[in-house]
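Read through the structure below, which is laid out as structure tokens, and then see the notes.
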């Protein structure tokens, strides 16, 4: 512990002039957009003649610091200033937002750093993470390391007078009596040692170690606050700094208006059910007296504390250097938890609501029963809403209340005593005018009077939040219905591609071939450059020649007078994405100077390659390509082909990038994987990618985050197709050349095999015909360019770079279950008996054991067939292995067995379990917008609205196309067998 003694030579009562202290001062605030921060900024602007207020604000949800500041100033908390101050506009102009990144050593850029060091006089560090369930190292990073970096910057502030570090009264809640001093008794070797050994731990190890290190402390939040105090005492005692410890901060008493609140944490959140007319009991001790502080009292105490810290710095003679601590808690007028529900109920307007009490029960059984009843009621309500096609959130609300109740249970069961001499002295030192302006004496609060507006304040905030959600929905509808038409011009896709140079990766795969064929047949492009890897000693140029001979290009050969001239537009460039210089000279410079439109289709979709290999292909190669394209002088548009399932852990998928990669993000995951062996990587991969089901989807998510973080300044957009199936109309109905996903599983229907797949019979897989997918990608490239040009105007006013547009290829008007798809395919089989038995032989069952039985029977028959061939002395038959649709079109001969074939089918069925068991919802505003904005001439060329497809007709073409592909494969197999014989 730090034992300090001081001699206070300062003035006596009534001489602390807070008003003069802030006159003409420049104040720096962190956490200014939070609950306490907003009230602090409002109080400074309304009551004090400050010169300037700097707010350090982090970018959040793609919103810049300036945008977040403007949203805050537009909020109702500043209505008092707008209505009472004639110079309101000038006052708001005093607030300046600065982009801050507390993850870096330099939390602001050099220009902003110079401003802060030259101008700032007073600092309020309010920012903190108040999540109680956070990993200890994450809580320390936000609540300790950020403070350390801020105070290191404060060391360079020439005019610095005072720093207020906002901690919490419960930073030492493992003690019964809390004094106004720093307790430097952080266990396990102190803060530095804890941070050191947490670096090398896995997530599970961190979770276990967090519980061990916390010991008797209830959560990582209070422990991290304790660590921050100890860090300040050890490293920054020379600064004019003080520690302010507020208790549970609740809604305002008087300012800016009675009952004002904008968040539902702690005690306020637990009162929400009562305001909503719900009966709920919480476990705790009714006789416990919590320390509560209205937010306006808390902020007034902080403002006075800053002045007192400066006074102490000037007048206190230290015997040993100290950091003053202010326990902002009052015990003479405290209420019990048992009284609290009654006081809240006294503010309810409807007398009937007074009967719907909230209780604090010393027995856990009653709260659990009532919570179970609330959960049951919420689940039923959500199910009823689901029947009517609406999304319910009742269960989510009950779960949030339950989690909050459990998180703060510790504080309902413990009571503390404390010293608050420094705070009491603050009150006595205030001048008469400041005492009226800064009322923070908690012992004088009339709690009965306070709670008259408490419930109303919660109700008002609930209404504001509900209104905000409604306005958000309305604004989205308005953007879809009106804004797009007014703001955007028609998309003239044909003109966009006229005489353009298009670069395509993955052009020899399933999607790539259809894309190349469509561009050659329908658009007057000047050149199409294909980046192709050498494969099995086959050069890029030979692979291109093989691709052109594919039947997919027969339409071009049949309709163009000089098809050779059309194919001459194709240029193959050999590439190696395992190297930083994936294209070598002389092609590299030409490629950079010519490229205008890019389709990055290449990807590995195999689920068994290992996480590191998958990341290398789907993320690292993407990064190399886009770094290269950053220097392309004529670049107009980049279409990055991802997958609809890159966020399949969510039930609803918006058209945005979800930047929530665990384990420190992509770069840290690479560092974790690099030194590991292949077996170690395989063991660790499921933990890293969780809750996503496989490496492919995780790598696609990582690529999306990479684009948003590092390449948002490029004209780039992300296209998310779901499962891509055979074509509907183009280039020929039912065309397909790979047997992946749903298409691969449907082969058993055509082969008339008995096979039942495990899944939910009501789930509806998301599919899109390949020609519709390509039409959407081609249109998206034009839309990306139009958006990029518009965003340049916004960027000239704001340094914020807009997030890349995301296109969810999701359509929900004509969804079919997997069983319905099977029935449609079976209905188009050639023979009448096959049509009748097709949907019986192949089914989706919710019972996994039935699926296993049918697979076991197939394995049994396959073993018999292979054994019979072996007895006859016949060789194993020849089959064909096809690479995935986004990497290669080459077909290579492999020696197969029936068992191996069934094993492959079983692997495919297991890999696609998720798509037969789950149905997603999604926003598709950007995708629908594409078809709405197409110019009339282009609508005939580009069909992309899957909702308009006649699926009965589509699956007729689907079946014919799949049968034709199976015939082609059989013909190739016989030809190869003849050659080898």
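In full-length UniProt numbering, the protein residues as written are 1 to 981.
All C-beta atoms in this analysis are idealised placements derived from N, C-alpha and C, irrespective of residue type, glycine included.
How would you label residue 93, buried or exposed, when you count the other beta carbons within 10 angstroms and need 16 or more for buried? By one-based count along the chain shown, residue 93 stands at place 93. Exposed, because fewer than 16 other Cβ atoms sit within 10 Å of the Cβ of residue 93.
Output yes or no for whether 9 Å exceeds the beta carbon distance between residue 44 and residue 27. For the purposes of this step, residue 44 is identified with residue 44 of the chain shown, where counting begins at 1. For the purposes of this step, residue 27 is identified with residue 27 of the chain shown, where counting begins at 1. Their beta carbons are under 9 Å apart, which means residue 44 touches residue 27 by this criterion.
Closer than 8 Å: residue 943 CB and nearest the ligand SAH heavy atom: With respect to the ligand SAH, the structure shown offers nothing to examine, as it has no ligands at all.
Could you tell me the distance, in whole angstroms, from the CA atom of residue 230 to the CA atom of residue 171? Within the chain shown, numbered from 1, the residue matching residue 230 stands at position 230. Within the chain shown, numbered from 1, the residue matching residue 171 stands at position 171. Residue 230 and residue 171: Cα-Cα distance of roughly 10 Å.
Could you check if residue 432 is buried or exposed, using at least 16 other CB atoms within 10 Å of its CB as the buried criterion? Locating residue 432 in the chain shown gives position 432, where the first residue counts as 1. Flag for residue 432 reads exposed.
Identity of the residue in 809, 850, 297 nearest residue 931 by Cα: For the purposes of this step, residue 931 is identified with residue 931 of the chain shown, where counting begins at 1. When each option's Cα is compared against that of residue 931, the closest is 809.
Use the C-beta contact count for residue 363: other C-beta atoms within 10 angstroms, 16 or more gives buried, fewer gives exposed. For this step, residue 363 is matched to residue 363 along the chain shown. Its Cβ having fewer than 16 others within 10 Å, residue 363 is exposed.
Can you give the beta carbon distance from residue 144 to residue 31, rounded, assuming they're within the 8 Å contact cut? Here residue 144 corresponds to residue number 144 of the chain shown, with the count starting at 1. Here residue 31 corresponds to residue number 31 of the chain shown, with the count starting at 1. With a Cβ gap of about 15 Å, residue 144 and residue 31 do not count as contacting.
Output needed for residue 225: all residues of its chain with C-beta closer than 7 Å, excluding positions within five of it in sequence on either side, in chain order. Along the chain shown, read from residue 1 onward, the residue named residue 225 stands at position 225. Only 143, 167, 168, 171 meet the Cβ criterion.
Which listed residue (781, 40, 952) has its alpha carbon closest to that of residue 734: Position 734 of the chain shown holds residue 734. Among 781, 40, 952, the Cα nearest to that of residue 734 belongs to 952.
Span of the alpha helix (DSSP H) around residue 345: Locating residue 345 in the chain shown gives position 345, counting from the first residue. 340 to 345 is the span of the alpha helix (DSSP H), which, as asked, contains residue 345.
Closest by CA to residue 412, which one among 526, 329, 291? Counting from 1 along the chain shown, the entry for residue 412 is found at position 412. Taking only the C-alpha atoms, the option nearest residue 412 is 291.
Between the alpha carbons of residue 890 and residue 543, how many angstroms are there, rounded? Reading the chain shown from its first residue, position 890 is the one you call residue 890. Reading the chain shown from its first residue, position 543 is the one you call residue 543. Residue confidence is low: residue 890 scores 38 on pLDDT, short of 50, so the model does not pin down where it sits. Its coordinate-derived value is still stated next. If you take the alpha carbons of residue 890 and residue 543, they lie about 8 Å apart.
Counting only runs that start and end within the stretch 95 to 141, where is the beta strand (DSSP E) found for 3 or more residues in a row? 95 to 99, 122 to 125
Once DSSP output is grouped into helix, strand and coil, what is the label at residue 334? Taking the chain shown and counting its residues from 1, one reaches residue 334 at position 334. Of the three classes helix, strand and coil, the one that applies to residue 334 here is coil, per DSSP.
Jot down the residue ranges of each uninterrupted beta strand (DSSP E) in the stretch 704 to 747, minimum 3 residues, whole runs only, in chain order. 716 to 720, 723 to 725
Which value, in whole angstroms, describes the spacing of the CA atoms of residue 250 and residue 35? Mapped onto the chain shown, residue 250 falls at position 250. Mapped onto the chain shown, residue 35 falls at position 35. The straight-line gap from Cα to Cα measures roughly 10 Å.
Roughly how many angstroms lie between the CA atoms of residue 38 and residue 339, to the nearest whole one? Translated into positions along the chain shown, residue 38 becomes position 38. Translated into positions along the chain shown, residue 339 becomes position 339. Cα to Cα, residue 38 sits roughly 30 Å from residue 339.
Please report the Cβ distance between residue 124 and residue 164, rounded to the nearest whole angstrom; I am assuming they are in contact, meaning their Cβ atoms lie under 8 Å. Position 124 of the chain shown holds residue 124. Position 164 of the chain shown holds residue 164. Confirmed, Cβ separation roughly 5 Å.
Report yes if the CB atom of residue 921 is closer than 9 Å to the CB atom of residue 391, and no otherwise. Looking up residue 921 in the chain shown gives position 921. Looking up residue 391 in the chain shown gives position 391. In contact: residue 921 and residue 391 (Cβ atoms closer than 9 Å).
Return the CA-CA distance between residue 500 and residue 959, expressed in angstroms with no decimal places. Working through the chain shown from its first residue, we reach residue 500 at position 500. Working through the chain shown from its first residue, we reach residue 959 at position 959. Residue 500 and residue 959: Cα-Cα distance of roughly 37 Å.
If we count the other Cβ atoms within 10 Å of its Cβ and call it buried at 16 or more, is residue 761 buried or exposed? For the purposes of this step, residue 761 is taken as residue 761 along the chain shown, with counting starting at 1. Exposed.
Which residues does DSSP list as the beta-bridge partners of residue 368? What you label residue 368 is simply residue 368 of the chain shown in a count that begins at 1. BP columns for residue 368 are empty, so no partner.
Report the three-state DSSP secondary structure of residue 215 (helix, strand or coil). On the chain shown, position 215 is the one that residue 215 refers to. Residue state, collapsed to three classes: coil.
Measure the alpha-carbon distance for residue 926 versus residue 519 and round it to whole angstroms. Taking the first residue of the chain shown as position 1, residue 926 is located at position 926. Taking the first residue of the chain shown as position 1, residue 519 is located at position 519. Taking the straight line from one Cα to the other gives about 22 Å.
Report yes if the C-beta distance between residue 998 and residue 731 is below 9 Å; otherwise report no. Residue numbering for the chain in the displayed model covers 1 to 981; residue 998 lies beyond these limits and cannot be assessed.
Alpha-carbon to alpha-carbon, residue 823 and residue 746: Translated into the one-based positions of the chain shown, residue 746 becomes position 746. Translated into the one-based positions of the chain shown, residue 823 becomes position 823. For residue 746 and residue 823, the distance between alpha carbons rounds to 11 Å.
To the nearest angstrom, how far is the alpha carbon of residue 178 from that of residue 294? In the chain shown, counting from the first residue as 1, residue 178 sits at position 178. In the chain shown, counting from the first residue as 1, residue 294 sits at position 294. Roughly 21 Å between the two C-alpha positions.
Which ranges would you report for the alpha helix (DSSP H) in the stretch 588 to 668 if only whole runs of at least 4 residues count? 611 to 615, 621 to 629
Tell me which same chain residues have a C-beta within less than 7 Å of the C-beta of residue 771, skipping the five on either side of it? Taking the chain shown and counting its residues from 1, the one referred to as residue 771 is at position 771. Cβ neighbours of residue 771 beyond the five flanking positions: 514, 727, 728, 729, 730.
Quick one: which unbroken beta strand (DSSP E) runs of 3-plus residues sit fully inside the stretch 274 to 300? Chain order, please. 280 to 283, 292 to 294
Should residue 526 be labelled buried (16 or more other beta-carbon atoms within 10 Å of its own) or exposed? Start at 1 with the first residue of the chain shown, and residue 526 comes out as number 526. It counts as exposed.
Residue nearest to residue 781 in terms of C-alpha spacing, selected from 538, 496, 47, 950: Counting from one through the chain shown, the residue named residue 781 turns up at place 781. Checked all of 538, 496, 47, 950; the closest Cα to residue 781 is 496.
Hey, would you say residue 100 sits closer than 9 Å to residue 147, going by beta carbons? Counted from its first residue, the chain shown places residue 100 at position 100. Counted from its first residue, the chain shown places residue 147 at position 147. Not a contact, by the Cβ cut-off of 9 Å.
Have a look at 184, 779, 271 and flag the residue whose alpha-carbon is nearest the alpha-carbon of residue 929. Position 929 of the chain shown, counted from the first residue, corresponds to residue 929. Of 184, 779, 271, the residue nearest in Cα terms is 779.
Simplified DSSP state of residue 18, which is helix, strand or coil: Along the chain shown, one-based indexing puts residue 18 at 18. In the structure shown, residue 18 sits in a helix (DSSP, three-state: H, G or I).
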